[in-house]
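Before any comments, here is the structure.
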Amino acid sequence: MTTSLRALALCFLLVAGSAWGLEVVDQTGRTLTLPAPPRRIVSLVPSVTEILFAIGAQETLAGVTDFCDFPADAKRKPSVGGMISPSLEILVTLKPDLVVATRSGNRAETFDQLKRLGLPIYLVDPSSVGDVMRLVGGLGELTGHRDGASAVTADLERRIKMVGERIAGRPRPRVLYVLWPDPLIVPGRGALVSELITLAGGESVTADLGAGYPRMSLEAAVGRAPEVIVLASHGGGTPVGRDKWERLESLPAVKSKRLYTADGNVMHRYGPRLIDGIETLARLIHPEAFGPEAFGK
Amino acid sequence: MTPLVQFDGVGFTYPTAAPGHGRFEIRELSFAVAPGEVLGLIGPNAAGKTTVIRLLSKALAPSRGAIYVQGEALSSLGRAEVARRVAVVPQDVAQGFPFTAQELVLMGRFAHAPGRFFESPADVRIAREAMELTGVQALAGETLDRLSGGERQRVVLARALAQEPRLLVLDEPTAHLDLRYQAECVALLRRLHREQGLGILLVSHDLNMAAELSDRLLLMSSGAAVTMGTPEEVLQESTLERVYGCRVVVDKHPTTRRPTVSVLWPDGR
Amino acid sequence: MTGPARLAAVCGGLALLLGVVAVGSLLVGSARIGPGVIVDLVTGRGPLEGAERVVILGIRLPRIAAAALAGGALAVAGAGFQALTRNPLAEPSILGVSAGAAFGVVLAQISGLGQGVVEALGLTAFAFAGAVVAGSAVYLIASTGGGLPVHTLLLAGVIVGIFFSAAITVVISLVDTNRLGGVIHWLLGNLAPIPAGALGVFGATVALGFWLVLGRARALNLLALGEEGAQELGVDAERLKRRIFAGAALLTGAVVAFVGPIGFVGLIVPHAMRMLVGSDHRVLIPAAALGGGVFLLSADTLARTVVAPAELSVGVITSFCGAPFFIYLLRSRAGRVMP
């Protein structure tokens, strides 16, 4: 309900604004004034790239980073380099009218350089599922793909609801999610994965720790006696550290053999695939609630 | 006549002690060097001879008493001022010194115009003259480590002369030289003394050379003056045996008639 | 060749080399721009708008200026510090100043200074504050009643440097992993285009530091005789040491503040220049200033073209050059490197 009200308000703003130029509020509350709706966007954030493709706005995408690897077509877009030190020269030659960036992943100095070069920056900083929904909506407004955006958010809401129904009333097992094994990095307060775990019917044992993705000692993790352990893999050969955990035979999770590996890329990106993350987690946490046909569309 | 250098009741104590000893100190030292005089400073190890040099070059400051150079208090003179009047010829120049002989001699001109970036043509001329005086003008472009001990010595001496001082202070000038270079060194110093009228303060272990060159000798021991006077007066067998702790015989040099000191080498039994 | 003539010849030659390298740098980069356009832009005839103008005048040129300035500053600081301590291993980071400045910047980045133009100046201010704190600490620790003993200075510099490095490590280990990338990237040392105003301040600071060191170049030569030896020749060694320390610290602090911590330049370039032009600081210091510019500019150009469109940190390249150079130095001129 509120989403469509907001959409209405933004539409109004857009109509009102188009007479003099476009006034847009980005995801961190900053206001940008653009002369026209952006037609050449450089995305420095892989999740934003994913969202732009998902809502059908990929033709407005003029440039991406080396890390924007989903969907496959994203890899065919010109790249400006890494997220930490993108090549300013290439960025400028792509002649963008808007750059989308994030404070967690890109550097503040990059924003500064871009500002000095006269490029408007649309900052995103999602940390919750709700933020992702708003981000999808916001990008839809920005690129004039409101319908595509609504379709994506509606689908996300529907599937989240479905998972919720399946796990309703079931007891929540204690879940430990290992983002990185050594040093041990876990999801804390306000981390997306913490919310995914909750939506998937689990109770994250690290939800009370520091903001974002803090470090934790192995002792402390073991002390919280998790019943399910999920180890994130980051693609191609990065260490998962399975054997380290299997040796801790006293842990409930190890005793009942509930030590799983999951693809980190769908869990950590603030994009439409987070629902895949939720569904994966839900199936790991509550296998008894999901049969093989559970996630058919 | 104002003495070139005057030590007036000078006392000095090193801040730290060598292991096993008390703190070394100079006590109540008073002496003067007249203009154009050669004063030889002799004494056993740890007599304080090097300390005297360091007090004179302002490397150390006396804790008691005062030092005067040409009548002015040393404490009131800036370093460059002191360097224009007193030139120290150290025993050695550091190993691996990267500059050429001429560049080293030119460094002696620093005190005359510390604010200049490059040396003036006059500086270069004076430096060359100094090198000619000590006979090293042909070695101008050589780096120091290519030179023999004697040549190096003469280059350092040239540098001191380039400072155009009134007093030359020589710290063990013949310490590492063989006989030939020792003789050359003595000849050079004599000539300089005669022709330039320089005052010379000569610190040496070599009693015979000191006796040869000096107008007067100052014998020190354990930080205090023992006696001062002509070489004949100072180099007495009883005095030397008391100060140095070994048996000596004092003779006369066959040609110059100056005192020569010979050690009565112990038997070893 | 007499002193002034030699200085002019060396500076002329190196300035020419710097010019050539600068022009070369201007011509290469991740964006392909033709030399004709570049020449036009630089001589003021080029298009007044457009991506090419931004790339050449807004990105490449300021970056080249920053590299030349930073390289020269670090090399002069290194040469001064090597003369001051009579130690061939001395380089600006030994002063502890760069670690202090780095800590300042890390603090600023972690505390998430807000956006805006203030941000860039804010980072620089933090870095400078850090440099001042570290430099003062070293100075206070090392100075005794009479003066600034060199061995204590070295030790104090190392200790202060270790302290701030440890502080940086602590901050890094506590910080959110998302912010980590930026901090670590900065610590590796990267050149980025600096805005004209900041570039002016940077240049002025470097000029001041340069003057502090070069102004006493003749006395620095005498320092090769040892402090007492120099004093016997009329040098006020204590004042000289203080001035050189201040100059080197200022230069190092400025570079870390405006550009970031870059290692090895202050070590390699003075030695290389000494091998080329000799040990007379009146020629060596200016040679180091120009040679340092050439070195860092070349390294940075490599850094931004070798794996384009991604960029290497320039600190990586200088370290890669530094280690083998250092080995060569030790083996070929062992014992003859420095007085």
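These protein sequence lines are chains A, B and C, in that order.
Per my numbering, residue 1 is the first one in the first sequence, and the count goes up by one each step.
Per my numbering, residue 1001 is the first one in the second sequence, and the count goes up by one each step.
Per my numbering, residue 2001 is the first one in the third sequence, and the count goes up by one each step.
For glycine and all other residues, C-beta sits at the position ideal for the given N, C-alpha and C.
Beta-carbon of Ser2332/C versus every beta-carbon of chain B: anything under 7 Å? For the purposes of this step, residue 2332/C is taken as the residue at position 332 of the third sequence. Not an interface residue.
In angstroms, rounded to a whole number, what distance separates the CA positions of Tyr2328/C and Ser2098/C? The count along the third sequence starts at 1 and reaches residue 2328/C at position 328. The count along the third sequence starts at 1 and reaches residue 2098/C at position 98. Cα to Cα, Tyr2328/C sits roughly 26 Å from Ser2098/C.
So, helix, strand or coil for Thr2152/C, using DSSP? For the purposes of this step, residue 2152/C is taken as residue 152 along the third sequence, with counting starting at 1. Helix at Thr2152/C.
Please identify, using Cβ separations under 8 Å, the residues of the segment 1030–1058 of chain B that lie next to chain C, in order along the chain. Arg1054, Ser1057 and Lys1058
By the DSSP assignment, the beta strand (DSSP E) with Arg242/A in it spans what residues? Here residue 242/A refers to the residue found at position 242 when the first sequence is read from its first residue. Careful: Arg242/A lies outside any beta strand (DSSP E), inside the alpha helix (DSSP H) at Arg242 to Glu246.
Taking the C-alpha atoms as reference points, what is the distance between Asp2040/C and Glu2052/C? As a working mapping, residue 2040/C is identified with position 40 in the third sequence. As a working mapping, residue 2052/C is identified with position 52 in the third sequence. Computed Cα separation, rounded: 11 Å.
Sufficient close CB pairs (3 or more, under 8 Å) joining the segment 2061–2070 of chain C to the segment 2012–2026 of chain C: yes
From the beta carbon of Pro2004/C, is the nearest beta carbon of chain B less than 7 Å away? For this step, residue 2004/C is matched to residue 4 along the third sequence. With 7 Å as the cut-off, Pro2004/C counts as an interface residue toward chain B.
Is there at least one Cβ from chain C nearer than 7 Å to Arg1079/B's Cβ? For this step, residue 1079/B is matched to residue 79 along the second sequence. Yes, its Cβ sits closer than 7 Å to a Cβ of chain C.
Inside the segment 2046–2107 of chain C only - alpha helix (DSSP H) runs reaching at least 4 residues: 2061–2085
Leaving out five residues on either side along the sequence, give the residues of the same chain with a beta carbon under 8 Å from the beta carbon of Leu2212/C. Counted from its first residue, the third sequence places residue 2212/C at position 212. If the five residues before and after Leu2212/C are omitted, its C-beta is found closer than 8 Å to the C-beta atoms of Arg2243, Ile2244, Ala2246, Gly2247 and Leu2250, all from its own chain and listed in chain order.
Option in Tyr177/A, Val193/A and Ala211/A with minimal Cα separation from Leu218/A: As a position in the first sequence, residue 218/A is number 218, starting the count at 1. It is Tyr177/A.
Let me make sure I understand the geometry here. Which of Gly2200/C, Ala2131/C, Asn2221/C and Thr2318/C has the alpha-carbon closest to that of Leu1104/B? In the second sequence, residue 1104/B corresponds to position 104, counting from 1. Measuring from the Cα of Leu1104/B, the nearest candidate turns out to be Asn2221/C.
Name the one or two DSSP bridge partners that Ile41/A has. Locating residue 41/A in the first sequence gives position 41, counting from the first residue. Residue pairing by DSSP places Ile41/A opposite Leu61/A and Leu98/A in a beta bridge.
Please report the distance separating the alpha-carbon of Val2042/C from that of Ile2184/C. By one-based count along the third sequence, residue 2042/C stands at place 42. By one-based count along the third sequence, residue 2184/C stands at place 184. Taking the CA atoms as reference points, Val2042/C sits about 35 Å from Ile2184/C.
Residue range of the beta strand (DSSP E) that Met2275/C falls in? Position 275 of the third sequence, counted from the start, is the residue given in the question as residue 2275/C. Premise fails: Met2275/C lies in the alpha helix (DSSP H), Val2265 to Val2277, not in any beta strand (DSSP E).
Using only alpha-carbon positions, find the residue among Ser2313/C, Gly2293/C and Val2277/C that is nearest to Val2010/C. Locating residue 2010/C in the third sequence gives position 10, counting from the first residue. Nearest of Ser2313/C, Gly2293/C and Val2277/C to Val2010/C, Cα basis: Val2277/C.
Could you give the C-beta distance for Leu62/A and Leu34/A, rounded to a whole number, given that I count them as a contact under 8 Å? Taking the first sequence and counting its residues from 1, one reaches residue 62/A at position 62. Taking the first sequence and counting its residues from 1, one reaches residue 34/A at position 34. According to the sequence displayed, residue 62/A carries Ala and not Leu. In fact, because the Cβ distance is near 15 Å, the residues do not count as touching under 8 Å.
Just curious, the beta strand (DSSP E) that Tyr122/A is in, first and last residue? Here residue 122/A refers to the residue found at position 122 of the first sequence. Residues Ile121 to Val124.
Just confirm the distance between the C-beta atoms of Val1069/B and Leu1060/B, as a whole number of angstroms; I'd bet it's less than 8 Å. Within the second sequence, the letter at position 69 stands for residue 1069/B. Within the second sequence, the letter at position 60 stands for residue 1060/B. In fact, because the Cβ distance is near 15 Å, the residues do not count as touching under 8 Å.
Can you look up Pro86/A in the DSSP assignment and give me helix, strand or coil? Numbered from its first residue, the first sequence carries residue 86/A at position 86. In this structure, Pro86/A counts as strand in the three-state DSSP scheme.
Decide yes or no for the touch test of the segment 114–121 of chain A against the segment 180–191 of chain A: beta carbon pairs closer than 8 Å, at least 3 of them. no
Hey, Phe2128/C and Val2105/C: beta-carbon distance below 7 Å or not? Against the third sequence, residue 2128/C aligns to sequence position 128. Against the third sequence, residue 2105/C aligns to sequence position 105. Not closer than 7 Å, so no.
Roughly how many angstroms separate the alpha carbons of Leu2014/C and Leu1106/B, rounded to a whole number? Counting from 1 along the third sequence, the entry for residue 2014/C is found at position 14. Counting from 1 along the second sequence, the entry for residue 1106/B is found at position 106. Between Leu2014/C and Leu1106/B, the C-alpha separation is close to 27 Å.
Scan the segment 1062–1077 of chain B for residues whose Cβ lies nearer than 8 Å to a Cβ of chain C and list them as they occur along the chain. none
Residue-chain proximity (Pro2062/C, chain A), Cβ-Cβ < 7 Å: For the purposes of this step, residue 2062/C is taken as the residue at position 62 of the third sequence. Output row for Pro2062/C: interface = no.
Check the DSSP bridge columns for Ala1046/B and list the partner residues they point to. For this step, residue 1046/B is matched to residue 46 along the second sequence. Ala1046/B pairs with nothing; no bridge assigned.
Distance between beta carbons of Gly2291/C and Ala2075/C, contact taken as under 8 Å: Mapped onto the third sequence, residue 2075/C falls at position 75. Mapped onto the third sequence, residue 2291/C falls at position 291. Rounded to the nearest angstrom, the Cβ distance from Ala2075/C to Gly2291/C is 6 Å, consistent with a contact under 8 Å.
When the cut-off is 7 Å and only beta carbons count, does Phe1118/B lie next to chain C? On the second sequence, residue 1118/B is found 118 positions in, with the first residue counted as 1. With 7 Å as the cut-off, Phe1118/B counts as an interface residue toward chain C.
Indicate whether the contact test is met: 3 or more Cβ pairs, each with one atom in the segment 1032–1043 of chain B and one in the segment 265–283 of chain A, closer than 8 Å. no
Suppose you measure from the CA of Gly2234/C to the CA of Glu1081/B; what does that come to, to the nearest Å? In the third sequence, residue 2234/C corresponds to position 234, counting from 1. In the second sequence, residue 1081/B corresponds to position 81, counting from 1. In a straight line, the C-alpha of Gly2234/C is about 7 Å away from that of Glu1081/B.
Out of Ile1200/B, Pro1015/B, Ser1075/B and Ser1204/B, which has the shortest C-alpha to C-alpha gap to Gln1182/B? Your numbering for residue 1182/B matches position 182 in the second sequence. Closest option to Gln1182/B, Cα to Cα, is Ser1204/B.
If the criterion is Cβ atoms closer than 7 Å, does the pair Ile2141/C and Ala2156/C meet it? Mapped onto the third sequence, residue 2141/C falls at position 141. Mapped onto the third sequence, residue 2156/C falls at position 156. Contact flag set, yes.
Is it a yes or a no for the segment 274–291 of chain A touching the segment 196–205 of chain A, going by three-plus beta-carbon pairs under 8 Å? yes
Whole-angstrom distance between Arg283/A and Arg170/A, CA atom to CA atom: Your numbering for residue 170/A matches position 170 in the first sequence. Your numbering for residue 283/A matches position 283 in the first sequence. Distance between the alpha carbons of Arg170/A and Arg283/A: 13 Å.
How big is the Cα-Cα spacing for Ile167/A and Gly202/A? For the purposes of this step, residue 167/A is identified with residue 167 of the first sequence, where counting begins at 1. For the purposes of this step, residue 202/A is identified with residue 202 of the first sequence, where counting begins at 1. Going from the Cα of Ile167/A to the Cα of Gly202/A covers about 9 Å.
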